[in-house]
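A short write-up of the structure that comes next.
Numbering (the working numbering), first residue to last: 492 to 636.
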C-alpha cells in the first residue's frame, strides 16, 4: 500500500517537477551536474541560440519573400486580365464598326435596287402605253388606207 501511495505521489508531482526544471544551467568545471543531459560551453550555447534565432529569421524572410512573390504574381495576373479585357473590348468595337459599315453598304445596295425596280415599273408602264398607242395607231392607219 505504501508503494502505491508513493507511486501515486510521484505520478502527480512529476509534471510540476519537470516544468520547474531549468533549461540551461551554468556548471563550473570539476563539478557534477544535478541532472543528466548535454553540457555546453557558454560559446556553444550562444551559438545554438544564435543559430535558432537565425533559423527563425530565415523562416520569416522566406515567408516575406514568398508573400512578395505571390503579390507580384497576383498583380501580374490582374494586369494580364485587364489587358485581355481591353483587347476584347477593342475587338468588339472593331467588329461592331465593321458590321455597321457592312449594314450601311447593304442598305445602300438595297435602296439602289429598289430605285431601279421603281424605274423598271415606270418604264414598263410607259412602254406598255406606248406599245398600245402605237398598235392602235397602226391598226387605224391600216384600216383607213
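Ideal Cβ positions, reconstructed from N, Cα and C, are used throughout, including at glycine.
As the structure is a computational prediction, the values presented were derived from the model and not from experiment.
query	result
Roughly how many angstroms lie between the CA atoms of residue 568 and residue 550, to the nearest whole one?	26 Å
Quick one: grab the DSSP three-state call for residue 570.	helix
Mapping DSSP to helix, strand and coil, what is residue 453?	There is no way to answer for residue 453, as the model of the chain reaches only from 492 to 636.
Work out the CA separation of residue 614 and residue 627 for me, nearest whole Å.	20 Å
Specify the secondary structure class of residue 556 as computed by DSSP and reduced to three states.	helix
List the whole-angstrom C-beta distance separating residue 539 from residue 552, where the pair is believed to meet the contact cut-off of C-beta under 8 Å.	Actually they are not in contact, since the Cβ atoms of residue 539 and residue 552 sit about 20 Å apart, beyond 8 Å.
Whole angstroms is fine: what's the gap from residue 523's alpha carbon to residue 562's?	56 Å
Would you call residue 510 buried or exposed, if buried means 16 or more other Cβ atoms sit within 10 Å of its Cβ?	Confidence is the limiting factor: at residue 510 the pLDDT is only 47, short of 50, which leaves the residue's position unreliable, though a coordinate-based value still follows. With fewer than 16 other Cβ atoms within 10 Å, it is exposed.
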